[in-house]
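Asker: Numbering of the sequence shown is given in the numbering used here, commencing with residue 1333 and proceeding in unit increments.
Input: one structure, supplied below.
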Amino acid sequence: MKYTINEIAKLCNVGKSTVSRVLNKDPKVRSETREKVQRVIDRLGFQPNRSARAMRAGQEPVVGVIVSKLDSGSESQTLRAILQALQAEHITPLIVESRFEAEQVRHHFQLFRERQVNAVILFGFFPLPLEIVREWQGSLVVIARTYPNISSVYYDDEQAITRLMTELYRQGHRRIAYLGIQDSDETTGKLRTQSYLQFCRSHNIRPNSVSVELSAESAYLHCAELFTRPVDALVCATGRLALGAFKFSQQSGRVFPIAYVGYNELLQYMMPNALSLDFGYCQAGLKAVELLMRQLRGKSSTEHYLVSTHQP
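In structure tokens, the structure reads:
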């Protein structure tokens, strides 16, 4: 649970200003009062909201951004929107990479504390334990995953695949294969694959899927596995996989409709007839900064925002 200075003051039976003076090491506070307040602060692990303090003082806050992979096309689109929004607010970003490792997130939190970072935007595209996320006691927004009492911006992974499958089905395709990401990626991988399988069950389609690493080369190398059976359309979990599928199509001489999640200008140029779905990556970045700014300005309520998808 995150505590405020007001709540610490009530627990100590002192005024809010007394707690502030203890936090600021004011020598005028009586020693017994200081010790009483400090004991409560230590017991609860309370950390002052430096971000709100910085905003009130007219200082330029620093926001830490923890991305999963800097070379991810989708995360790059979101990060670009975040940086533009932070720049507009005169906020300095500090960008680090988790590489899908929980301990790296813990390490970055410690780094941010040492450097007095005011707030954090965390990309949560992998199973990240709640206890690690809660180690950051200040302002925080998580992208791609929801946690209790922590503001988040998340995507509709299941609906995205359903929309692509529905359109291909409407066009008359019944032998729809799926090129997905390994389940270790809980959102882009597991949730999207489950959505494909659920659609197949509900529409009496025989599933034909393979899970690969998040790279065009991996998609290209494994695409042939799908074509050991008849295929008349292919859904790809990401644009990067669609790029590998396109290479396979070109080199194998097989012609089939390709659908994928995410908007990519290069892919649109190479595959103008492909069915794509704008997943709202830029929208997510802008909304994450919006939610974070509310926290920096003192709003403490938790907010969750579902990013909308649309066809470009």
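Just so you know, even glycine gets a beta-carbon here, dropped at the ideal spot from N, CA and C.
So alanine 1565 and leucine 1500 are supposed to be a Cβ contact under 8 Å. How far apart are they, rounded?
Answerer: Working through the sequence shown from its first residue, we reach residue 1565 at position 233. Working through the sequence shown from its first residue, we reach residue 1500 at position 168. Right, their Cβ atoms sit about 5 Å apart.
Asker: Which of the three DSSP states, helix, strand or coil, is assigned to alanine 1492?
Answerer: The count along the sequence shown starts at 1 and reaches residue 1492 at position 160. In the structure shown, alanine 1492 sits in a helix (DSSP, three-state: H, G or I).
Asker: May I ask you to report which of helix, strand or coil DSSP gives alanine 1389?
Answerer: Counting from 1 along the sequence shown, the entry for residue 1389 is found at position 57. Its pLDDT being 45, under 50, alanine 1389 is placed unreliably in this model, and the value from its coordinates should be taken loosely. In the structure shown, alanine 1389 sits in coil (DSSP, three-state: anything other than H, G, I, E or B).
Asker: Using a Cβ-Cβ cutoff of less than 6 Å, which residues in the same chain neighbour lysine 1348 once the five nearest sequence positions on both sides are dropped?
Answerer: Counted from its first residue, the sequence shown places residue 1348 at position 16. The residues are Ile1337, Asn1338 and Ala1341.
Asker: Which class does tyrosine 1637 belong to by DSSP, given the choice of helix, strand or coil?
Answerer: Residue mapping note: residue 1637 aligns to position 305 of the sequence shown, counting from 1. Here tyrosine 1637 sits in strand by DSSP.
Asker: Name, in chain order, the residues that DSSP records as bridge partners for cysteine 1568.
Answerer: For the purposes of this step, residue 1568 is taken as the residue at position 236 of the sequence shown. Leu1511 and Tyr1592.
Asker: Contact check, alanine 1616 vs isoleucine 1482 under 8 Å by CB: the rounded distance?
Answerer: Translated into the one-based positions of the sequence shown, residue 1616 becomes position 284. Translated into the one-based positions of the sequence shown, residue 1482 becomes position 150. Between isoleucine 1482 and alanine 1616 the Cβ distance is about 16 Å, and since that is not below 8 Å, they are no contact.
Asker: Using the rule of at least 16 other Cβ atoms within 10 Å of the residue's Cβ for burial, across every protein chain shown, is histidine 1636 buried or exposed?
Answerer: Residue mapping note: residue 1636 aligns to position 304 of the sequence shown, counting from 1. Result: exposed.
Asker: Beta-carbon separation of isoleucine 1590 and alanine 1574 under 9 Å?
Answerer: Locating residue 1590 in the sequence shown gives position 258, where the first residue counts as 1. Locating residue 1574 in the sequence shown gives position 242, where the first residue counts as 1. Cβ atoms of isoleucine 1590 and alanine 1574: closer than 9 Å.
Asker: According to DSSP, is histidine 1642 helix, strand or coil?
Answerer: Counting from one through the sequence shown, the residue named residue 1642 turns up at place 310. Note: histidine 1642 maps to strand in three-state DSSP.
Asker: Starting from alanine 1523, follow the alpha helix (DSSP H) in both directions and report where the run begins and ends.
Answerer: In the sequence shown, counting from the first residue as 1, residue 1523 sits at position 191. Alanine is not the amino acid found at residue 1523; the sequence shown has leucine there. Per DSSP, leucine 1523 belongs to no alpha helix (DSSP H) and is neither H nor E.
Asker: Give me, in chain order, the residues of the same chain whose beta-carbon lies closer than 6 Å to that of tyrosine 1335; leave out the 5 immediate sequence neighbours on both sides.
Answerer: Taking the sequence shown and counting its residues from 1, one reaches residue 1335 at position 3. Taken in chain order, the residues that qualify are Leu1376 and Phe1378.
Asker: Would you identify the three-state DSSP class for serine 1483, choosing helix, strand or coil?
Answerer: Within the sequence shown, residue 1483 is the residue found at index 151, counting from 1. Strand at serine 1483.
Asker: Since valine 1645 and leucine 1418 are thought to touch, with beta carbons under 8 Å apart, how far apart are those beta carbons, to the nearest angstrom?
Answerer: This structure cannot settle anything about residue 1645, because the visible part of the chain is limited to 1333 through 1644.
Asker: Are the beta-carbon atoms belonging to serine 1541 and leucine 1511 less than 9 Å from one another?
Answerer: Stepping through the sequence shown from its first residue, residue 1541 is reached at position 209. Stepping through the sequence shown from its first residue, residue 1511 is reached at position 179. Contact: yes.
Asker: For serine 1352, collect the residues of the same chain with a Cβ closer than 7 Å to its Cβ; drop the 5 residues on either side in sequence, then sort them by chain order.
Answerer: Mapped onto the sequence shown, residue 1352 falls at position 20. Result list for serine 1352: Ile1337, in chain order.
Asker: Have a look at Lys1368, Arg1366 and Gln1448 and flag the residue whose alpha-carbon is nearest the alpha-carbon of proline 1425.
Answerer: Within the sequence shown, the letter at position 93 stands for residue 1425. With distances taken between Cα atoms, proline 1425 lies closest to Gln1448.
Asker: Determine the burial state of lysine 1504: buried for a count of at least 16 other Cβ atoms within 10 Å of its Cβ, exposed for fewer.
Answerer: Position 172 of the sequence shown, counted from the first residue, corresponds to residue 1504. Rather than lysine, the amino acid found at residue 1504 in this sequence is glycine. Glycine 1504 comes out exposed.
Asker: Does the beta-carbon distance from arginine 1438 to glutamate 1407 come in below 9 Å?
Answerer: By 1-based counting over the sequence shown, the position of residue 1438 is 106. By 1-based counting over the sequence shown, the position of residue 1407 is 75. Going by C-beta atoms, arginine 1438 is not nearer than 9 Å to glutamate 1407.
Asker: Of all the CB atoms in chain B, is at least one closer than 9 Å to the CB of arginine 1538?
Answerer: Although the question refers to chain B, the structure presented lacks it and comprises just one protein chain.
Asker: Would you mind sorting methionine 1387 into buried or exposed? The rule is 16 or more other CB atoms within 10 Å of its CB.
Answerer: Taking the first residue of the sequence shown as 1, we reach residue 1387 at position 55. In this prediction, methionine 1387 has a pLDDT of 45, which is less than 50 and means its spatial position is unreliable; what the coordinates show is noted afterwards. Buried, by the Cβ-count rule.
Asker: How should tyrosine 1601 be labelled, buried or exposed, when 16 other C-beta atoms within 10 angstroms of its C-beta is the threshold for buried?
Answerer: Mapped onto the sequence shown, residue 1601 falls at position 269. Classification for tyrosine 1601: exposed.
Asker: How many angstroms separate the CA atom of histidine 1535 from the CA atom of alanine 1620?
Answerer: Numbered from its first residue, the sequence shown carries residue 1535 at position 203. Numbered from its first residue, the sequence shown carries residue 1620 at position 288. If you take the alpha carbons of histidine 1535 and alanine 1620, they lie about 36 Å apart.
Asker: What is the C-beta distance between cysteine 1614 and alanine 1413, in whole angstroms, given that I count them as a contact (C-beta under 8 Å)?
Answerer: As a position in the sequence shown, residue 1614 is number 282, starting the count at 1. As a position in the sequence shown, residue 1413 is number 81, starting the count at 1. 4 Å between Cβ atoms; contact.
Asker: How far does the beta strand (DSSP E) with isoleucine 1423 in it reach, from first residue to last?
Answerer: In the sequence shown, residue 1423 corresponds to position 91, counting from 1. From DSSP, isoleucine 1423 is part of no beta strand (DSSP E); its letter is neither H nor E.
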